[in-house]
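Data block below; observations after.
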Amino acid sequence: MENTSSRKWRPDDPRRLRMAEKRASILNAARPILLRDGLGATTLDRVAAEGGIAKMTLYRHFPNKEELFAGLVNAACDEMRQLIENMTPPGIDQPVAKRLAGELRAFTSVLVAPDALAIYRMIVADGWRSPELSRAFQQSGMQVIRQRISVLLEAGGVPGEKLASRAAEVIALALGDAYLRAVLGIAEEGDDGVFERQIEVAVAHGLS
Numbered sequence: 001m002e003n004t005s006s007r008k009w010r011p012d013d014p015r016r017l018r019m020a021e022k023r024a025s026i027l028n029a030a031r032p033i034l035l036r037d038g039l040g041a042t043t044l045d046r047v048a049a050e051g052g053i054a055k056m057t058l059y060r061h062f063p064n065k066e067e068l069f070a071g072l073v074n075a076a077c078d079e080m081r082q083l084i085e086n087m088t089p090p091g092i093d094q095p096v097a098k099r100l101a102g103e104l105r106a107f108t109s110v111l112v113a114p115d116a117l118a119i120y121r122m123i124v125a126d127g128w129r130s131p132e133l134s135r136a137f138q139q140s141g142m143q144v145i146r147q148r149i150s151v152l153l154e155a156g157g158v159p160g161e162k163l164a165s166r167a168a169e170v171i172a173l174a175l176g177d178a179y180l181r182a183v184l185g186i187a188e189e190g191d192d193g194v195f196e197r198q199i200e201v202a203v204a205h206g207l208s
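Numbering-wise (my numbering), the sequence shown opens with residue 1 and increments by one.
Below, the structure written as C-alpha cells:
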C-alpha cells in the first residue's frame, strides 16, 4: 500500500493540503493512545478502533506503528520549536539578567507541560528503536533555546568561544533536580520555587 507521505504534489495542490490535514487528524487521535500505552503495547488496530479512524485510512498514512511514532515525534518537535520561538521574555530594554531569567522561566514551563513530559517519557522508553527521532526531539527544543541563551550571554559580556559551553551549563542548572523529578513523576509541591532558585543560580553562573 502506498504511503501518502511519499507522493509528490505541488505545495499548493489541494490534495496535498487535504492529506496533511488528515494526517494531522490521525496523529491527534493516536497521540493519547500512544502516550498512554507506549509504542510496545500499541497496535494500529487499537489506534483505529479507539481513535475512530478507518483502518484503510490509517494504514494508507502510516503503514506501521513505527511510522506513526515517527509522525508523533516530528509533530511534537514542531510544536516545541514553535512554543520556544514564540516565548516572550522581558523586553529588550530590561537588564540582561532579567531577560535571561525570563527566557529560562518560559523554557522550563514548556518542558514541564504534561504533554511534553509524556512524550519525553515515551521517547526515553522507546526511542532506541529510532535514535534519529530521539535526537531530533532533543535538538528541536535544546538547539533553539541554546541559541537564544547564547545571544543573551553574549550581550552580558561572555566571550564568543565560551558561549556554547556556557549556554549548555546554564540550561542544565535551570532544569536541575526539579525537572528530573517532573520526568520521573515525583514532582513536589514546592518545585515551582525550586525552579526559581535554580534559575537564579543559572543566571548568576551564566553572567559570571
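Note that the Cβ used here is the ideal one computed from N, Cα and C, for glycine as well. Since the structure is predicted, the reported quantities are computational estimates derived from the model, not experimental observations.
With the rule of 3 Cβ pairs closer than 8 angstroms, the stretch 71-82 counts as touching the stretch 133-140. Within the same chain, S150, L153, E154 come within 7 angstroms of L163 by CB-CB distance, once the 5 residues on both sides are set aside.
In this chain, K162 is not harboured by any alpha helix (DSSP H), its DSSP state being neither H nor E. Straight through space, the alpha carbons of R99 and V158 are spaced by roughly 15 angstroms. Secondary structure note for D115: its alpha helix (DSSP H) is the uninterrupted segment 114-126. Taking all protein chains in view, the Cβ of D177 is surrounded by fewer than 16 other Cβ atoms within 10 Å, so the residue is classified as exposed.
Of the candidates L207, V194, Y179, L207 places its Cα closest to the Cα of R166.
Scanning its chain for C-beta atoms nearer than 6 angstroms, with the 5 sequence neighbours on each side dropped, one finds around L83 the residues V110, in chain order. For D191, the uninterrupted alpha helix (DSSP H) segment begins and ends at 191-206.
Here K65 is near T42, since their CB atoms are less than 7 angstroms apart. Rounded to the nearest angstrom, the Cβ distance from A168 to I199 is 16 angstroms, too far for a contact under 8 angstroms.
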